[in-house]
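Below you'll find the structure, written out as C-alpha cells, and then a few comments.
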Amino acid sequence: MLVDTSVELGRDDETLDFPWEAPEQGLRYLDLRRNPDLLEQIEETTGNPALREFLIAVNAPASILASAKCDAWASDEIHPEEEIFGLPKKFGSYVDFVFANSVSRFSFESHEALLKKFAALLQRVPDIPASAEFLLGRCRYHEDGDIREGFYVTFYLFGYGDDETKARRQWEIALRFVSNAVTQLSFNHSPV
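Position one of the sequence shown corresponds to residue 0 (numbering that gives the first Met the number 0), numbered consecutively onward.
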C-alpha cells in the first residue's frame, strides 16, 4: 500500500469548520463518540459495513480521534500517479478527523507526529493495490460562541482493481489496516 502525508495550510487550501453544518442539504456534524447510535443517520455507511466499522473504531472511547465527515465512492478516473497499479477501477473514501482531546486540536506538532506515526505503521502492511493519504489542514473550531484556529486531518483511501468489486475489496482490506493503526496509535499515544 502506498502511503503519503502532506501539510496543506495555505490560504487557498481546504478549511474545516467544526462542528460543521450544511443546512441547505440537511446535513450536519454528528458526534459519534458521545452518541454512537447516530451512526444510523450517516447515509454513507448504508450498505458499507467496512466504513461503518472504521467509524466505530475511530470514535471508540479509547480512540484518540473523532470523525467529522466522510464519504465513499467508486470511480474509473485513474490519475497519472495511480497508473502504477495498472488497474482500471478504484473505490475510495475520505474521513475527516480531529483529535478527541481538545487541547491536541490546536497543536501542529501533535498533528504532524500523528501523520508520521500513521505513515510508519502503514508502510509495514502487505503490498496491496491501495493508497492512503493523510492531509493536515486548518480547522476553525466553534466553541462557546468563539472561533479558535486549529488543525484537522483528511484521510483519503483508495483500493484498485480490474472491476469495482475487486477495487472495493482492496479498499476494505486497506481500511482494516488503517483501523488497526488507529487502535495501535490510540493504545500507544503519548501527548506531544
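Just so it is clear, CB atoms sit at the ideal spot from N, CA and C, and this is done for glycine as well. Since we're looking at a predicted model, the values are computed, not measured.
T182 lies in the alpha helix (DSSP H); which residues open and close that run? Position 183 of the sequence shown, counted from the first residue, corresponds to residue 182. Counting along the chain, the alpha helix (DSSP H) containing T182 begins and ends at 163–186.
Using 10 angstroms around the beta-carbon of E171, count the other beta-carbons present and answer buried if the total reaches 16, otherwise exposed. Here residue 171 refers to the residue found at position 172 when the sequence shown is read from its first residue. Under the 10 Å beta carbon count, E171 is surrounded by 16 or more other beta carbons and is classified as buried.
With burial defined as no fewer than 16 other Cβ atoms inside 10 Å of the residue's Cβ, what is the status of K89: buried or exposed? Within the sequence shown, numbered from 1, the residue matching residue 89 stands at position 90. It counts as buried.
Out of T44, L86, D12, which one is the CA nearest neighbour of I127? Position 128 of the sequence shown holds residue 127. The shortest C-alpha separation from I127 is found at L86.
Cβ separation of A73 and E43, assumed to be a contact under 8 Å, to the nearest whole Å: Start at 1 with the first residue of the sequence shown, and residue 73 comes out as number 74. Start at 1 with the first residue of the sequence shown, and residue 43 comes out as number 44. That belief does not hold up - the Cβ atoms of A73 and E43 are roughly 13 Å apart, past 8 Å.
Identify, in the order they occur along the chain, each residue of the same chain with its Cβ nearer than 6 Å to the Cβ of T164, setting aside the five sequence neighbours on each side. Position 165 of the sequence shown, counting from 1, holds the residue named residue 164. Hits under 6 Å: none found.
Within 7 Å (strictly less), CB to CB, does F117 reach chain C? Chain labels in this structure do not include chain C; a single protein chain is all it has.
For F105, which residues in the same chain have their Cβ closer than 6 Å to its Cβ, ignoring the five residues on either side in sequence? The residue labelled residue 105 in the question sits at position 106 within the sequence shown. Correct list, in chain order: G149.
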